[in-house]
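Asker: Take the position in the first sequence, starting the count at 1, then add 974; the result is the number in my numbering.
By construction, the Cβ of each residue, glycine as well, lies at the ideal position given by its N, Cα and C atoms.
This structure is a prediction, so every number in the text was calculated from the model and none was measured.
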Amino acid sequence: MIPAARSRHPFDPAALHRILLNHYGPSGWWPGESPFEVMVGAVLTQNTAWTNVEKAIANLKAASLLDVVAIHATPSDRLAAHLRPSGYYNIKARRLKNLADMIMGSFDGSLERLFALDARDLRGILLEVNGIGKETADSICCYAAGKLVFVVDAYTRRILSRHGIINGDAGYDDVQQLFEGSLGPDLGAYKDLHAHLVYIGKDYCRSRNPMCGECPLKGSV
DNA sequence: TGCCAGGCCGGGT
DNA sequence: ACCCGGCATGGC
């Protein structure tokens, strides 16, 4: 079921994307030099500021630990030491190892083989990994594997909710369908729109102020 | 200074 | 099916 909308007009994600693109320009997401770096970033950024994630990824690079085999082979406490700046370092070390273990065990360590799965199967496999939930799985599907999977996060919900497009208690998959059902098969739009929503979400309606003065969406959504 | 950041899990009700 | 505490660092 699509969540009930209080808005008079049907939600048009492509129009929303055009507004944001016009206002801010291309987002340039996801930062990362390789698909695996994107995957690692997706785990490390869970409830964590990206600036902290960057430090941890730099540590992994400096220690030559930014690949599947190395993470699979490294004890989690040693891995954790490099992850300190990103917070939750013990649990994140475990999560990165769970991910690497899955890729080693089921796909011979090959991201090509993993990404050869179709979007639904890839999402399912990722969700079976302890420490990977829907947002992390979908971020990997979209930004690392290049699948047509739209990423929903807390900001996406908050923004749509404030505009009366969804109810506050709408489920993840419902919100996702709202985008995937309307956006065309345009991977660039999937990537860029989510990125913009996160980007504006930070200072968008942070307080109980229902509408920020400079909101580019005002009157448009 | 306290609050927040691109969540997720496990245990309890 | 929800609800909650825990996980942890760095920036404003």
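Assuming the contact rule is C-beta atoms closer than 8 Å, residue 1070 and residue 1053 should be a hit. Round their C-beta distance to whole Å, please.
Answerer: For the purposes of this step, residue 1070 is identified with residue 96 of the first sequence, where counting begins at 1. For the purposes of this step, residue 1053 is identified with residue 79 of the first sequence, where counting begins at 1. Going by Cβ atoms, the distance from residue 1070 to residue 1053 rounds to 7 Å, so yes, they are a contact pair.
Asker: State the CB to CB distance for the pair residue 1089 and residue 1124, rounded to an integer number of angstroms; the pair is presumed to be in contact (CB under 8 Å).
Answerer: Position 115 of the first sequence, counted from the first residue, corresponds to residue 1089. Position 150 of the first sequence, counted from the first residue, corresponds to residue 1124. Wrong, their Cβ atoms sit about 18 Å apart, outside the cutoff.
Asker: Going by DSSP in three states, residue 1051 sits in which element: helix, strand or coil?
Answerer: Counted from its first residue, the first sequence places residue 1051 at position 77. Of the three classes helix, strand and coil, the one that applies to residue 1051 here is helix, per DSSP.
Asker: What's the C-alpha gap between residue 1010 and residue 1173?
Answerer: On the first sequence, position 36 is the one that residue 1010 refers to. On the first sequence, position 199 is the one that residue 1173 refers to. Answer to the nearest angstrom: the Cα atoms are 23 Å apart.
Asker: Take residue 1063 and list the residues in its own chain whose beta-carbon comes closer than 7 Å to its own, dropping the five residues that flank it on each side.
Answerer: For this step, residue 1063 is matched to residue 89 along the first sequence. Closer than 7 Å at the Cβ level, and outside the excluded window around residue 1063, lie 1054, 1057.
Asker: In chain order, what are the residue ranges of uninterrupted alpha helix (DSSP H) at least 4 long that sit wholly in the stretch 1138 to 1162?
Answerer: Fully enclosed alpha helix (DSSP H) runs of 4 or longer: 1146 to 1154.
Asker: Whole angstroms is fine: what's the gap from residue 1103's alpha carbon to residue 1109's?
Answerer: For the purposes of this step, residue 1103 is taken as the residue at position 129 of the first sequence. For the purposes of this step, residue 1109 is taken as the residue at position 135 of the first sequence. Using only the alpha carbons, I get a separation of about 13 Å.
Asker: Ignore the nearest five residues each way along the sequence and tell me which others in residue 1167's own chain have a CB closer than 6 Å to its CB.
Answerer: Reading the first sequence from its first residue, position 193 is the one you call residue 1167. Result list for residue 1167: 991, in chain order.
Asker: Can you grab the Cα-Cα spacing for the pair residue 1185 / residue 1146, in whole Å?
Answerer: Counted from its first residue, the first sequence places residue 1185 at position 211. Counted from its first residue, the first sequence places residue 1146 at position 172. Residue placement at residue 1185 is flagged as unreliable, the pLDDT there being 43, under the threshold of 50; a coordinate-derived value is accordingly withheld.
Asker: If you reduce the DSSP assignment to three classes, tell me which class residue 993 lands in.
Answerer: Translated into positions along the first sequence, residue 993 becomes position 19. It is helical.
Asker: Under three-state DSSP, which class holds residue 1098?
Answerer: Here residue 1098 corresponds to residue number 124 of the first sequence, with the count starting at 1. Residue 1098: helix per DSSP, three-state reduction.
Asker: Skipping 5 residues on each side, what residues in its chain have a beta carbon closer than 8 Å to that of residue 1078?
Answerer: Here residue 1078 refers to the residue found at position 104 of the first sequence. So the list reads 1042, 1043, 1046, once near-sequence residues are dropped.
Asker: For residue 1142, which residues in the same chain have their Cβ closer than 6 Å to its Cβ, ignoring the five residues on either side in sequence?
Answerer: The residue labelled residue 1142 in the question sits at position 168 within the first sequence. The answer, listed in chain order, is 1135.
Asker: To the nearest angstrom, report how far apart residue 1020 and residue 984 are at their CA atoms.
Answerer: As a working note, residue 1020 is residue 46 in the first sequence. As a working note, residue 984 is residue 10 in the first sequence. If you take the alpha carbons of residue 1020 and residue 984, they lie about 31 Å apart.
Asker: Tell me the rounded alpha-carbon separation between residue 1114 and residue 1081.
Answerer: Here the question's residue 1114 lines up with position 140 in the first sequence. Here the question's residue 1081 lines up with position 107 in the first sequence. For residue 1114 and residue 1081, the distance between alpha carbons rounds to 16 Å.
Asker: Go through its chain and collect everything with a Cβ distance to residue 1030's Cβ below 6 Å, but skip five positions before and after it.
Answerer: Here residue 1030 refers to the residue found at position 56 of the first sequence. Result list for residue 1030: 1018, 1057, 1059, 1060, in chain order.
Asker: Return helix, strand or coil for residue 1005, following the three-state DSSP convention.
Answerer: Here residue 1005 corresponds to residue number 31 of the first sequence, with the count starting at 1. Of the three classes helix, strand and coil, the one that applies to residue 1005 here is coil, per DSSP.
Asker: With 16 other CB atoms within 10 Å as the buried threshold, where does residue 1087 fall?
Answerer: Here the question's residue 1087 lines up with position 113 in the first sequence. The residue in question, residue 1087, is exposed, as its Cβ has fewer than 16 Cβ neighbours within 10 Å.
Asker: With a threshold of 8 Å on Cβ separation, who are the neighbours of residue 1159 within its own chain once the five nearest residues in sequence on each side are excluded?
Answerer: Here residue 1159 refers to the residue found at position 185 of the first sequence. Correct list, in chain order: 1122.
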